[in-house]
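Novice:
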Amino acid sequence: MILKFAQKELAVKEDPPIDPRMANLNSGKLNVLPIYIADAFTRKPFSGNGAAVCLLPYNYDITNETRQKIASEMNLSETAFVKIIKEKDTFQKGKRFALNWFTPLCEVPLCGHATLATAAVLFTECNNESEVLEFETVSGILTAKKLQNNEIEINLPAYQINPVIGKYEEVIKVLVKDLPVQNTVLSESKKLLIHLSDSVTRKDLEAIKTNDDELMRAESTDVKGVIVTLKGSGKDCVDEEGKSYDFISRYFAPWFGISEDPVTGSAHSVLAPYWSKVLNKKNFYARQCSRRGGELHIQLVNDRILLSGHAAIVVKGQLHM
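In this text, residue positions in the sequence shown follow my numbering: the first is 23, and each later residue adds one.
(1) Hey, Leu-121 and Ala-102 are a contact pair by Cβ (cut 8 Å); roughly how many whole angstroms apart?
(2) Starting from the C-beta of Asn-81, find all residues in its chain whose C-beta is less than 8 Å away, skip the five residues before and the five after it, and write them out in chain order.
(3) Can you list, in chain order, the residues of its chain with a C-beta nearer than 7 Å to that of Asn-86? Leave out the 5 residues immediately preceding and following it.
(4) Relative to the C-alpha of Gly-134, which candidate in Phe-269, Thr-165 and Tyr-190 has its C-alpha closest?
(5) Which of the three DSSP states, helix, strand or coil, is assigned to Val-160?
(6) Exposed or buried, which one is Pro-67 when buried takes at least 16 other CB atoms within 10 Å?
(7) If contact is defined by three or more beta carbon pairs under 8 Å, each pair taking one atom from either stretch, is the segment 141-150 in contact with the segment 169-183?
(8) Excluding the five sequence neighbours on either side, which residues of its own chain have a C-beta within less than 6 Å of the C-beta of Lys-136, listed in chain order?
(9) Identify every residue that forms a DSSP beta bridge with Leu-328.
(10) For Ala-74, write down the residues that DSSP places opposite it in a beta bridge.
(11) Go ahead and label Ala-33 buried or exposed: buried means 16 or more other beta carbons lie within 10 angstroms of its beta carbon, across all protein chains shown.
(12) Should Leu-293 and Thr-232 be called a contact, given that it needs their Cβ atoms to be closer than 8 Å?
(13) Look at the alpha carbon of Gln-204 and the alpha carbon of Val-300, and state the distance between them as a whole number of angstroms.
(14) Please report the distance separating the alpha-carbon of Arg-313 from that of Leu-227.
(15) Does DSSP put Phe-113 in a helix, a strand or coil?
(16) Taking Cβ positions, are Pro-131 and Ser-94 nearer each other than 8 Å?
(17) Leaving out the 5 sequence neighbours to the left and right, which residues in its chain are closer than 8 Å to Phe-157 when beta-carbon positions are compared?
(18) Between Pro-79, Asp-83 and Ile-230, which lies nearest to Asp-111 when the distance is taken from Cα to Cα?
(19) DSSP puts Gln-182 in a beta bridge; with which residues?
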């Protein structure tokens, strides 16, 4: 695999967008695919959540086994595979594509940050001419809309949540130790949300340390990810410009091979409907407090969420099969 940095200040050479249908052929077999790494939900490289994006042309596909090997090789929280589905389309002219996502361990049913990263690659690197992109996924049709100032809005499902009383005590104890818990709910996507009490600070949240083996031993059936969240309050819950966050969170998913995900779109498909009930509002500004961190604008519209943010393309290169 050959990769090179694509940020202008780091680049040795600025290359034109790569059209995979023009990729090298070896005895009639496609052996080179374009691949990118984009940091999602950030304006700056090396922050937010990185995702690899692999472009697959029409009438060329790779098996899920190969996709899994590529995702393991990239070793990011998710690798997205976006494929042309109409013969006449290109990555510049097409509007609808097939999309799926793999962690280093397995395929996942939904990934918000890798969807945003995919849209950023299509809009900026492939010069896609559409205002709205459509992606066919196992979670239905997802859309990505080009906004002003290079911001992108993705449309994701909002998951139903149900209270859990007296369940998952062990996994809660393993994760948050003695921090006071205000509420716990489980989403239909099998994400457990732990709402910490208002007395807990951002510093307390960021100090949580996890052990993947202990988490998976504590819960191996219903739960496939854990969100820890608290209400945004106080001077430490503001961005660099002093704007307050409505809520902050962290997300852990060792069941999918992800110890901690830096910024997670799909987790906010649970957080938005939950905080809508708590705060009685539909629009949110949130931060995910991982080491890399990222900020999200969220709007809850019926059974969907509109999630907007920026992305920075940090690597572009060729995948040699």
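Ideal Cβ placement from N, Cα and C applies to all residues, glycine included.
Specialist: Taking the structure as given:
(1) Start at 1 with the first residue of the sequence shown, and residue 121 comes out as number 99. Start at 1 with the first residue of the sequence shown, and residue 102 comes out as number 80. With a Cβ gap of about 6 Å, Leu-121 and Ala-102 count as contacting.
(2) For this step, residue 81 is matched to residue 59 along the sequence shown. Within the same chain, Asn-81 has close Cβ partners Glu-109.
(3) Numbered from its first residue, the sequence shown carries residue 86 at position 64. Closer than 7 Å at Cβ, skipping near neighbours: Glu-129.
(4) As a first step, residue 134 must be located in the sequence shown, where it is residue number 112. Comparing Cα positions, the closest option is Thr-165.
(5) Residue numbering aside, residue 160 sits at position 138 when the sequence shown is read from its first letter. Here Val-160 sits in coil by DSSP.
(6) Counting from one through the sequence shown, the residue named residue 67 turns up at place 45. Buried: at least 16 other Cβ atoms inside 10 Å.
(7) yes
(8) Position 114 of the sequence shown holds residue 136. For the sequence presented, residue 136 should be read as Ala rather than Lys. Correct list, in chain order: Ala-73, Glu-100, Ala-102 and Trp-123.
(9) For the purposes of this step, residue 328 is taken as the residue at position 306 of the sequence shown. Paired residue(s): Asn-177 and Gln-321.
(10) Counted from its first residue, the sequence shown places residue 74 at position 52. According to DSSP, which records beta bridges pairwise, Ala-74 is partnered with Ile-59 and Thr-101.
(11) The count along the sequence shown starts at 1 and reaches residue 33 at position 11. The predicted position of Ala-33 is uncertain, since its pLDDT is 35 and thus under 50; no value can be drawn from it.
(12) As a position in the sequence shown, residue 293 is number 271, starting the count at 1. As a position in the sequence shown, residue 232 is number 210, starting the count at 1. Not a contact, by the Cβ cut-off of 8 Å.
(13) For the purposes of this step, residue 204 is identified with residue 182 of the sequence shown, where counting begins at 1. For the purposes of this step, residue 300 is identified with residue 278 of the sequence shown, where counting begins at 1. Cα to Cα, the separation comes out at about 11 Å.
(14) For the purposes of this step, residue 313 is identified with residue 291 of the sequence shown, where counting begins at 1. For the purposes of this step, residue 227 is identified with residue 205 of the sequence shown, where counting begins at 1. If you take the alpha carbons of Arg-313 and Leu-227, they lie about 12 Å apart.
(15) On the sequence shown, position 91 is the one that residue 113 refers to. DSSP places Phe-113 outside both helix and strand once states are collapsed to three, so it counts as coil.
(16) Within the sequence shown, residue 131 is the residue found at index 109, counting from 1. Within the sequence shown, residue 94 is the residue found at index 72, counting from 1. Not closer than 8 Å, so no.
(17) The count along the sequence shown starts at 1 and reaches residue 157 at position 135. Correct list, in chain order: Val-104, Arg-118, Phe-119, Ala-120, Leu-121, Thr-137, Thr-140, Ile-163, Leu-164, Thr-165 and Ala-166.
(18) For this step, residue 111 is matched to residue 89 along the sequence shown. Closest by alpha carbon: Pro-79.
(19) On the sequence shown, position 160 is the one that residue 182 refers to. Paired residues: none, contrary to the question.
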